[in-house]
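Asker:
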Amino acid sequence: MGPVTEPTIGCAHCKSVPGSGANLGPTSKLAGTEYQRVIRLPPSDPGKSLFRKEVQPRLQHRAYKAWQRTRNDATAAGRPPPKPPDETAALPHRPCLRRVGKWLAEEAGIEELPVEPMAFYSCDPPWLGHRGGTTFRVDLPLATRRSDPPAVRREAALRAIAELPQPDVTIWSDGSARGGMEQGGAGALIQFHHLNKEETVRAPAGAVCSSLRAELTAMREALAAVAGLEDGELASIKSVRLLTDSRSGLQLLGRGPASQTMALAAEVWRLLNTLAENGTETVLQWVPGHAGLDGNETADRLAGEATAGDQDSAPIDLSSARAAVTRHVRELSRRRTTAAHPHPDPTPGHDSLARWGSVTLSQLRTGTSPLTRDTLYKIGLAANDECPACGEPDSVTHLLTDCPAYEAARRRRWGVDPRLVDVLGGPAARVVDFIEGVGRTEPPLDPPAPPPP
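Going from the sequence shown to this note's numbering is simple: count from 1 and add 578.
#1: Under the assumption that Glu964 contacts Arg657 (Cβ atoms under 8 Å), give the Cβ distance between them as a whole number of angstroms.
#2: Quick check on Met797: does DSSP put it in helix, strand or coil?
#3: Report, in whole angstroms, the separation of the C-beta atoms of Thr869 and Ala668, which I expect to be a contact under 8 Å.
#4: For Ser817 and Pro745, which I take to be in contact (beta-carbon distance under 8 Å), what is that distance rounded to the nearest angstrom?
#5: With H, G and I counted as helix, E and B as strand and the rest as coil, what does DSSP make of Pro971?
#6: Reducing DSSP to helix, strand and coil, say where Arg715 ends up.
#7: Quick check: the Cα distance between Ala655 and Asp1024, rounded to an integer number of angstroms?
#8: Do you know how far the Cα of Ala967 is from the Cα of Ala983?
#9: Going by DSSP, which residues form a beta bridge with Gln761?
#10: From Glu690 to Val786, what does the alpha carbon distance come to, in whole angstroms?
#11: State the CB to CB distance for the pair Leu821 and Val865, rounded to an integer number of angstroms; the pair is presumed to be in contact (CB under 8 Å).
#12: Taking the straight line between their C-alpha atoms, what separation do you get for Arg737 and Val730?
#13: Which residue or residues does DSSP assign as beta-bridge partners of Val779?
#14: Can we say the region 612 to 622 touches the region 635 to 653, given the rule of at least three CB pairs closer than 8 Å?
#15: Short of 8 Å in beta carbon distance, which residues of its chain neighbour Asp929, apart from the five on each side in sequence? Order them along the chain.
#16: Closest to Leu807 by C-alpha separation, out of Thr852, Trp934, Glu793, Ser824, would be which residue?
#17: Helix, strand or coil: how does DSSP classify Ile1013 here?
#18: Determine the direct distance from the alpha carbon of Asp823 to that of Glu875, and round the result to whole angstroms.
#19: With H, G and I counted as helix, E and B as strand and the rest as coil, what does DSSP make of Arg819?
#20: Cutting at 6 Å between CB atoms, please list the residues of its own chain near Arg715, excluding the five before and the five after it.
#21: Are the beta-carbon atoms of Pro1085 and Pro692 separated by less than 8 Å?
#22: Taking the runs of the alpha helix (DSSP H) that are 4 residues or longer, which of them lie wholly in the region 833 to 895?
#23: Okay, do the region 791 to 799 and the region 751 to 770 touch, 3+ Cβ pairs below 8 Å being the bar?
#24: Please classify Cys981: is it buried, with 16 or more other beta-carbons within 10 angstroms of its beta-carbon, or exposed?
#25: Using the C-alpha atoms, what's the distance from Arg756 back to His976?
#26: Please classify Trp934 as buried or exposed, where buried requires at least 16 neighbouring CB atoms within 10 angstroms.
#27: Using DSSP bridges, identify the partner residues of Trp750.
#28: Hey, quick one: how far does the alpha helix (DSSP H) through Leu691 stretch, first residue to last?
#29: In angstroms with no decimal places, state the Cα-to-Cα distance between Pro1028 and Ala961.
#30: Tell me, to the nearest whole angstrom, how far the beta carbon of Arg791 is from that of Ala783; I am working on the premise that it is less than 8 Å.
#31: What residue range is occupied by the uninterrupted alpha helix (DSSP H) comprising Ile957?
#32: Roughly how many whole angstroms lie between the Cα atoms of Arg879 and Ala836?
#33: Check this for me: beta carbons of Thr979 and Arg1008, under 8 Å apart or not?
#34: Would you list the one or two residues that DSSP bridges to Arg756?
#35: Quick one: is Thr938 buried, meaning 16 or more other Cβ sit within 10 Å of its Cβ, or exposed?
#36: Among Arg991, Ala986, Leu954, which residue has its Cα nearest to the Cα of Asp972?
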């Protein structure tokens, strides 16, 4: 009788004894893990080149092919080549999600920055995540507002500080980011009262970062300086007081270590737990900024100096990257809107025009009007986009400001070389009068084909 085999339930066992014995996970999971490690390498690491390989073209763009055929036909006929109907038609290959993401990252200036890993869970189990010894205070005994005079806010802050136990170490931390979104810097003043000495900390927070991230960086660097002391000095510290003007930072940390999704915030909690294991009580107190507190002013100065540091070495987190791409896309949209519609304000007198004049002016303002050949060419009602008066490529800008055939009529109404914003920003009746005066009140369609013989 042969040996009894283990029953198989659900799927067959792996036939490779060494592979199954190694307890390796699925290949796709292993590949994904290695991929995440590669993209987080520093820009100078040779392994980064694996991720920088150009994406192989997969699909040819039919719109691009059609545009190329139109250009070739126009060149053969001696006509100026037409512009692409849209931005994507100028690309040889149709853009996919990965290509667009890569382009946006490059244009937003974040493609070469090191990536901070996400903190999906706390490194410690829940029953060890918060060991006590850490207190967050985000209010003052006397309620103040940002509009209060500095002396009032300073008095409220000093009263809050006086109510705290006398610490062995006082930390004043502050962060700075230009415009709240780039060139971040972190600074901290550390006062060791029991050792009668002071230390200063400066650290770059990242080329792309928020003010919150700069504040958390300052807390992390200051706590790391305290937690990194030698055992003898660290054992003598029984209480730490951290004073910061970042209420949002304290509120984020106050949710607990298991609620942090930023690796930076999780690292701050790790340092707080390290001090708690040493028996150190830590109080994090919010104080108003720019209220004349000497320690806060010093930390603010240190943070400003840190913005000039090596920002390329500071990693970028997902939230900052998303915000940078969002700002870049918003700027692209603004530029396109300005180019297509340079006069966003209503044209004076638009509402008082008759229906035909009102509709015509609205079409001219959008840059798409049936009175110009480029619009007719795009919708297939004209063989080309040549101006019927001069033969140059026709458009709203050409009709209103550039066409030499209408120079005299244009000069009588707006002077020499008017800009499109001057034309559309002037009286609405003058624009309609110009269109009627040059005889462009009807779409310039192609003449009908002669009847067959």
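We put the CB at the ideal spot given by N, CA and C, even for glycine.
These numbers were taken from a predicted model, which means no experiment stands behind them.
Answerer: The answer reads as follows:
#1: The pair is a contact, with the Cβ atoms about 7 Å apart (cut-off 8 Å).
#2: It is helical.
#3: Per the sequence shown, residue 869 should be read as Ala rather than Thr. Their Cβ separation, rounded to whole angstroms, is 55 Å, which puts Ala869 and Ala668 out of contact at 8 Å.
#4: Yes, Ser817 and Pro745 are in contact; Cβ-Cβ is about 4 Å, under 8 Å.
#5: Pro971 carries a strand assignment under DSSP once its states are collapsed to helix, strand and coil.
#6: In the structure shown, Arg715 sits in a strand (DSSP, three-state: E or B).
#7: Each residue's Cα considered, the two are about 17 Å apart.
#8: Take the alpha-carbon of Ala983 and the one of Ala967: they are about 6 Å apart.
#9: Answer is none; Gln761 lacks a bridge partner.
#10: If you take the alpha carbons of Glu690 and Val786, they lie about 12 Å apart.
#11: The C-beta distance from Leu821 to Val865 rounds to 5 Å, short enough to fall under 8 Å.
#12: If you draw a straight line from the Cα of Arg737 to the Cα of Val730, it is about 11 Å long.
#13: Bridge partners of Val779: Ala766.
#14: The count of Cβ pairs closer than 8 Å, one atom from the region 612 to 622 and one from the region 635 to 653, stays below three, leaving the stretches out of contact.
#15: The answer, listed in chain order, is Ser936.
#16: The residue with the shortest Cα to Cα distance from Leu807 is Thr852.
#17: In this structure, Ile1013 counts as helix in the three-state DSSP scheme.
#18: Spanning the two alpha carbons is a distance of roughly 11 Å.
#19: In this structure, Arg819 counts as strand in the three-state DSSP scheme.
#20: Excluding residues within five positions, the ones whose Cβ falls inside 6 Å are Gln863.
#21: Outside the displayed span of the chain (579 to 1031) sits residue 1085, for which this structure offers no information.
#22: Those alpha helix (DSSP H) runs which fall completely within the region 833 to 895 and span 4+ residues are 841 to 855, 872 to 884.
#23: Inter-segment contact for the region 791 to 799 and the region 751 to 770 is present: three or more beta-carbon pairs are separated by less than 8 Å.
#24: Label assigned to Cys981: buried.
#25: Straight-line Cα distance between these residues: approximately 41 Å.
#26: Trp934 is exposed by the Cβ-count criterion.
#27: Residue pairing from DSSP places Trp750 in a beta bridge opposite Leu767, Leu821.
#28: Annotation: Leu691 is outside any alpha helix (DSSP H) and is labelled neither H nor E by DSSP.
#29: For Pro1028 and Ala961, the distance between alpha carbons rounds to 15 Å.
#30: At roughly 6 Å, the Cβ-Cβ gap stays under 8 Å, so Arg791 and Ala783 are in contact.
#31: Note, Ile957: premise wrong, no alpha helix (DSSP H); not H, not E.
#32: If I take the Cα positions, the gap works out to 33 Å.
#33: When the beta-carbon positions are compared, Thr979 and Arg1008 stay at least 8 Å from each other.
#34: Beta-bridge pairing links Arg756 to Glu760.
#35: The residue is buried, with at least 16 neighbouring Cβ atoms inside 10 Å.
#36: Among Arg991, Ala986, Leu954, the Cα nearest to that of Asp972 belongs to Leu954.
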